[in-house]
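Beneath this line is the structure, given in structure tokens, with notes to follow.
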Amino acid sequence: MKRYLSRPGALLAAAALALTASTVPAAADTTAVRHLAGPAQAVTDFWTPERMASAVPLDPPLATPRAAGAAGATVAAGAPTVVPPSVATFPTTGEPWAGGGAVAQTAGRVFFTMDGRAASCSGDAVTSGNRSVALTAGHCVKYQGTWHTDWIFVPGYDDGQAPFGEWVAKATLTTPQWEASEDINHDVGAAVVEPLDGRSLTDVVGGQGVAFNQQRDQDMYAFGYPAADPYDGSTLIHCSGSTFTDFLLSSDHGMSCDMTGGSSGGPWFLRFDEATGLGVQSSVNSFGYTFLPGYLFGPYFGAEAQELYERAAAM
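If you use mature numbering (1 follows the signal peptide of the UniProt record, and there is no 0), the sequence shown corresponds to residues -26 to -1, 1 to 289, in order.
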């Protein structure tokens, strides 16, 4: 996660947010920028249990107001759109998720190489036409002009175990606004993963719904795998409560939440059902302010996020 106006951030597992990866020119379609990964088996072999255990939580360096976007910056709106999902106590500010259900399978840890070191974020499997899309934060796929490499998604990660396998990204994508200027209002990323043992991602773990252009200031749930103190990345953590719209350096959603580095990219849900673990995802863990501890912020899923999702789903 990013933290503004202080030490390097918090929601990715704790180093700066850049992984090494070659930059791929943007395609004519500017709804997102993609990076093609290398051979899947080589990536899987790279991520030994020891490397996963040593991965640092990714925290981006401090951002300037210009990079973050002006206060109250607008995010393009479109028609309200909801993709339905496929098959705790409220509020809470950062407790282990003990409810089980779908989210315990769809949410997971993300691992990648950044500047030659192992790093981690969080992500979530969502319903899509290709059954192969995981959503995350933009800084979890690309930072400071460099794409992260060796990118894998481990849904249902639990204390070093990968009960549903390790899914290698064949392409990672972000919004043009994040790719061009790291605009915090558009800190959204996606990965399209390779099949595993002949099956697609959401055929194995299911997929959460996705919602775009929704009403602001609603009750939401946030999930992630924070790996910076006091957390260690071993357990799925969640927050829940009423949200508000940031008016400082972004137009993001805000929520009372104590999650730390490594939780970046974890999903925020509207209409989340604790009994089933299903909801519609409408944001991701993105950043926090150092002068406002105990609060977490995530980008509004507007037209640009929808275009990113649709492009990933069509790959």
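Every residue, glycine too, gets a C-beta built ideally from N, C-alpha and C. Values in this document were obtained by computation on a predicted structure and should not be read as measured data.
Where residue i and residue j are concerned, what is the direct C-alpha to C-alpha distance, given to the nearest angstrom?
| i | j | result |
| --- | --- | --- |
| residue 217 | residue 118 | 29 Å |
| residue 232 | residue 114 | 19 Å |
| residue 84 | residue 277 | 25 Å |
| residue 270 | residue 166 | 26 Å |
| residue 253 | residue 132 | 21 Å |
| residue 168 | residue 287 | 13 Å |
| residue 76 | residue 258 | 17 Å |
| residue 178 | residue 19 | 21 Å |
| residue 229 | residue 243 | 12 Å |
| residue 125 | residue 69 | 27 Å |
| residue 151 | residue 255 | 20 Å |
| residue 67 | residue 193 | 13 Å |
| residue 142 | residue 211 | 23 Å |
| residue 71 | residue 155 | 35 Å |
| residue 95 | residue 26 | 11 Å |
| residue 22 | residue 122 | 18 Å |
Residue i: buried (16+ other C-beta within 10 angstroms of its C-beta) or exposed?
| i | result |
| --- | --- |
| residue 140 | buried |
| residue 285 | buried |
| residue 182 | buried |
| residue 173 | exposed |
| residue 190 | exposed |
| residue 97 | buried |
| residue 234 | buried |
| residue 137 | exposed |
| residue 127 | buried |
| residue 207 | buried |
| residue 31 | buried |
| residue 78 | buried |
| residue 273 | buried |
| residue 275 | buried |
| residue 161 | buried |
| residue 87 | buried |
Please name the residue or residues paired with residue i in a DSSP beta bridge.
| i | result |
| --- | --- |
| residue 238 | Its beta-bridge partners do not exist; DSSP assigns none. |
| residue 122 | According to DSSP, which records beta bridges pairwise, residue 122 is partnered with nothing at all. |
| residue 213 | 67 and 196 |
Check whether the Cβ atoms of residue i and residue j lie closer than 8 Å to each other.
| i | j | result |
| --- | --- | --- |
| residue 279 | residue 186 | yes |
| residue 108 | residue 164 | yes |
| residue 158 | residue 261 | yes |
| residue 240 | residue 74 | no |
Could I get the ranges of all uninterrupted alpha helix (DSSP H) runs contained in the stretch 128 to 205, with 4 residues as the minimum, in chain order?
Runs found: 150 to 155 and 175 to 179.
Contained alpha helix (DSSP H) runs [length at least 4] in the stretch 69 to 114, N- to C-terminal order:
The qualifying runs are 77 to 80.
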